Amino acid sequence: MKNKIRVIENLREEETAYQKLFLDEPFQFESGAEIPSVTTAYETYGKLNAEGTNAILICHALTGDAHASSWNNTDGREGWWDGVIGKDKAFDPEKYFIVCSNFIGSCYGTSGPPSINPATNKKYNLSFPQMTVRDMVNLEHKLITHLGIKKLVTVSGGSLGGMQSLEWALMYPDIVESIIPIACGARHSAWAIGLNEIQRKAIIEDPKWNGGEYTSQPSRGLTSARMLAMMTYRSNENFENRFARNVREEVNGTPFYEVESYLHYQGQKLASRFDANTYIYITRAMDSHDVSRGRGTLQNALSQIKAKTLSIGIDTDLLYPVNEQKEIAEMVPNAEYFEIKSVYGHDAFLIEFDQLNEEIKKFLI
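According to our numbering, the sequence shown is numbered sequentially starting from 4.
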């Protein structure tokens, strides 16, 4: 049957105007499982040249979305990477055609656990196939093809976004000219897997989770999961500088510290905008990340990368220590390493824009 493609322009989803691509064809996962059709939500900034060769793909992290930039000013909301996307910045929409999509499994418009299963007319929930980073890349490739992109100047992102960039270089080497993986490893470590399992456990133990068949979000579990995650996204120095032992208030003579207030706020903030099953699925996808799976040793896998590579680490990253980014730079043939100096830990890729802009612009020349 001929593939049916429908583009839905500016469909408002989760307070953001996304473009959507609907593919009326089965989407097969790495596991072999299929869904009968797939939708991907995305944003673009800038204009694709006639040759289709000036494109950049930005990949988002765990709870991020396709709204990487406010360049289009569609809703007034800041983009999560406005600091590096813009005029005269590392990724300049006046020079490049920049694409960012919500990956497969997302709860922001792309097909995922909260999507409606056409066979049942109910949410997939836990019947949605477990995706991997490679599945994310495969759906992104379908979008890139639809947009008429022939070459990607670079693929970049932090954390889970960086994992996608590595897989892009291995899965579609003829399209990708360079990659800029930031704050990630070539495979998920036991440390990172363990932290993710604690977060999943917090969600599953919430009575409202109900085996994944909830009618309202298990917000307590999702809040706790996010609180733990926030402890891995920043550094001890950052917390000491910001909060120290400052007390926000006392309750029955017991101090409620500023750091506690911050963690509660961040947890509740995520729980108000995210889906619990999606969180479980994405963290499991991250845990499956291993570029050597099916490709021999890690050295063998990374040595296959032809794309020019800039591996970026963060000196205070507790979640993905710099030895992981150095390992990538050492094993990829045409790679260089840069280290962000920051007190902000893993989150520095969302904060230290001056360092990122300077180094990425030099790399892309």
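From the three backbone atoms N, C-alpha and C, an ideal C-beta is built for every residue, glycine too.
All values derive from a computational prediction rather than experimental measurement.
Original post:
Less than 8 angstroms separating the beta-carbons of residue 124 and residue 215?
Top reply: Along the sequence shown, one-based indexing puts residue 124 at 121. Along the sequence shown, one-based indexing puts residue 215 at 212. The answer is no: Cβ separation not under 8 angstroms.
**OP:** In the DSSP assignment, find the beta strand (DSSP E) that holds residue 48 and state where it starts and stops.
**Re:** As a first step, residue 48 must be located in the sequence shown, where it is residue number 45. Counting along the chain, the beta strand (DSSP E) containing residue 48 begins and ends at 41 to 48.
Original post:
Excluding the five sequence neighbours on either side, which residues of its own chain have a C-beta within less than 6 angstroms of the C-beta of residue 106, listed in chain order?
Top reply: By 1-based counting over the sequence shown, the position of residue 106 is 103. Excluding positions up to five away in sequence, the list reads 139.
**OP:** Apply the 10 Å Cβ neighbour rule to residue 345 and answer buried if 16 or more other Cβ atoms are within range, or exposed otherwise.
**Re:** Here the question's residue 345 lines up with position 342 in the sequence shown. By the neighbour-count rule (16 or more Cβ atoms within 10 Å), residue 345 is buried.
Subject >> Segment contact flag, the segment 213 to 227 with the segment 312 to 326, C-beta cutoff 8 angstroms, min 3 pairs >> reply: no
**OP:** Look at the alpha carbon of residue 126 and the alpha carbon of residue 116, and state the distance between them as a whole number of angstroms.
**Re:** Start at 1 with the first residue of the sequence shown, and residue 126 comes out as number 123. Start at 1 with the first residue of the sequence shown, and residue 116 comes out as number 113. Going by the C-alpha atoms only, they are around 7 angstroms apart.
Original post:
Quick one: what's got a C-beta closer than 6 angstroms to residue 129's C-beta in the same chain, skipping five residues either side?
Top reply: Within the sequence shown, the letter at position 126 stands for residue 129. Excluding sequence neighbours, residue 129 sits near 215.
**OP:** Give the secondary structure of residue 22 by DSSP, where H, G and I count as helix, E and B as strand, and everything else as coil.
**Re:** Here residue 22 refers to the residue found at position 19 of the sequence shown. DSSP places residue 22 in strand when its eight states are reduced to three.
Original post:
In whole angstroms, what separates the C-alpha of residue 38 from that of residue 201?
Top reply: As a position in the sequence shown, residue 38 is number 35, starting the count at 1. As a position in the sequence shown, residue 201 is number 198, starting the count at 1. Roughly 29 angstroms between the two C-alpha positions.
Original post:
When burial is assigned at 16 or more other CB atoms within 10 Å of the CB, is residue 15 buried or exposed?
Top reply: One-based indexing of the sequence shown puts residue 15 at position 12. Only weak support is given to the placement of residue 15: the predicted model assigns it a pLDDT of 34, under 50, and the value that follows is read from those uncertain coordinates. Burial call: exposed.
Subject >> Endpoints, the beta strand (DSSP E) within which residue 259 is located >> reply: Residue mapping note: residue 259 aligns to position 256 of the sequence shown, counting from 1. Run containing residue 259: 257 to 260, per the beta strand (DSSP E) assignment.
**OP:** Identify every residue that forms a DSSP beta bridge with residue 31.
**Re:** On the sequence shown, position 28 is the one that residue 31 refers to. Answer by DSSP bridge pairing, in chain order: 37.
Original post:
For residue 219, which of helix, strand or coil comes out of DSSP?
Top reply: Working through the sequence shown from its first residue, we reach residue 219 at position 216. Coil.
Original post:
Exposed or buried, residue 22, counting other C-beta atoms within 10 Å across all chains shown (16 or more means buried)?
Top reply: Here residue 22 is taken as the residue at index 19 of the sequence shown, counted from 1. Buried, since its Cβ has 16 or more Cβ neighbours within 10 Å.
**OP:** Answer with yes or no whether the minimum CB distance from residue 256 to chain B is below 8 angstroms.
**Re:** In the structure shown, chain B cannot be found, because there is only a single protein chain.
Subject >> Paired residues, beta bridge with residue 293 - DSSP >> reply: Residue 293 sits at position 290 when you count from the first residue of the sequence shown. In the DSSP output, where bridge partners are listed per residue, residue 293 has 190.
**OP:** Output the distance between the C-alpha atoms of residue 203 and residue 260, rounded to the nearest integer angstrom.
**Re:** Along the sequence shown, read from residue 1 onward, the residue named residue 203 stands at position 200. Along the sequence shown, read from residue 1 onward, the residue named residue 260 stands at position 257. Computed Cα separation, rounded: 26 angstroms.
Original post:
Taking the runs of the beta strand (DSSP E) that are 3 residues or longer, which of them lie wholly in the segment 274 to 318?
Top reply: 311 to 317
Original post:
Can you pull the DSSP bridge partners for residue 125?
Top reply: Taking the first residue of the sequence shown as position 1, residue 125 is located at position 122. Per DSSP, 120.
Original post:
By Cβ distance, which residues of its chain are closer than 7 angstroms to residue 31, with the 5 residues on each side in sequence left out?
Top reply: One-based indexing of the sequence shown puts residue 31 at position 28. Only 37 meet the Cβ criterion.
Subject >> The alpha helix (DSSP H) enclosing residue 148, as first and last residue numbers >> reply: On the sequence shown, position 145 is the one that residue 148 refers to. Note, residue 148: alpha helix (DSSP H), 136 to 149.
Subject >> residue 165, enclosing alpha helix (DSSP H) - first and last residue >> reply: Along the sequence shown, one-based indexing puts residue 165 at 162. Note, residue 165: alpha helix (DSSP H), 163 to 174.
Original post:
In the structure shown, what three-state DSSP assignment does residue 348 receive?
Top reply: For the purposes of this step, residue 348 is identified with residue 345 of the sequence shown, where counting begins at 1. Of the three classes helix, strand and coil, the one that applies to residue 348 here is helix, per DSSP.
Subject >> Pair within 8 angstroms by beta-carbon distance, residue 3 and residue 197 >> reply: The structure shown does not extend to residue 3, since the chain is modelled only from 4 through 368, so no value can be given for it.
Original post:
For residue 170, does the count of other Cβ atoms within 10 angstroms reach 16, so buried, or fall short, so exposed?
Top reply: Taking the sequence shown and counting its residues from 1, the one referred to as residue 170 is at position 167. Residue 170 comes out buried.
Subject >> Assigned secondary structure, residue 231 (DSSP; H/G/I helix, E/B strand, else coil) >> reply: Residue 231 sits at position 228 when you count from the first residue of the sequence shown. In this structure, residue 231 counts as helix in the three-state DSSP scheme.
**OP:** Go ahead and pull the three-state DSSP assignment for residue 324.
**Re:** The residue you call residue 324 lines up with position 321 of the sequence shown. Reduced to three states, the DSSP call for residue 324 is coil.
Original post:
Where does residue 210 fall in DSSP's three states?
Top reply: Against the sequence shown, residue 210 aligns to sequence position 207. In the structure shown, residue 210 sits in a helix (DSSP, three-state: H, G or I).
Subject >> CB-CB length for residue 360 against residue 93, believed under 8 angstroms >> reply: To locate residue 360, count along the sequence shown from 1; it is residue 357. To locate residue 93, count along the sequence shown from 1; it is residue 90. About 5 angstroms separates the two Cβ atoms, so the contact holds.
Original post:
So, is residue 180 buried or exposed, given that buried needs 16 or more other C-beta atoms within 10 angstroms?
Top reply: Locating residue 180 in the sequence shown gives position 177, counting from the first residue. Result: buried.
Subject >> residue 328 versus 188, 335 and 163, residue with shortest Cα-Cα distance >> reply: Taking the sequence shown and counting its residues from 1, one reaches residue 328 at position 325. Selected option, being the one with the closest Cα: 188.
Original post:
Just checking my contact of residue 136 with residue 59 at CB under 8 angstroms: how many whole Å lie between their CB atoms?
Top reply: Looking up residue 136 in the sequence shown gives position 133. Looking up residue 59 in the sequence shown gives position 56. With a Cβ gap of about 19 angstroms, residue 136 and residue 59 do not count as contacting.
Subject >> 6 angstroms CB neighbourhood of residue 331 in its chain, flanking five on each side removed >> reply: Position 328 of the sequence shown, counted from the start, is the residue given in the question as residue 331. Same-chain partners within the cutoff: 189 and 314.
Original post:
So, helix, strand or coil for residue 104, using DSSP?
Top reply: Locating residue 104 in the sequence shown gives position 101, where the first residue counts as 1. Looking at residue 104 - three-state DSSP - the assignment turns out to be strand.
**OP:** Mind reading off the beta-carbon distance from residue 160 to residue 185? Whole number of angstroms is fine, and I expect it under 8 angstroms.
**Re:** Taking the first residue of the sequence shown as position 1, residue 160 is located at position 157. Taking the first residue of the sequence shown as position 1, residue 185 is located at position 182. With a Cβ gap of about 7 angstroms, residue 160 and residue 185 count as contacting.
Original post:
Since residue 341 is in the beta strand (DSSP E), which residue starts that stretch and which ends it?
Top reply: In the sequence shown, residue 341 corresponds to position 338, counting from 1. Run containing residue 341: 338 to 343, per the beta strand (DSSP E) assignment.
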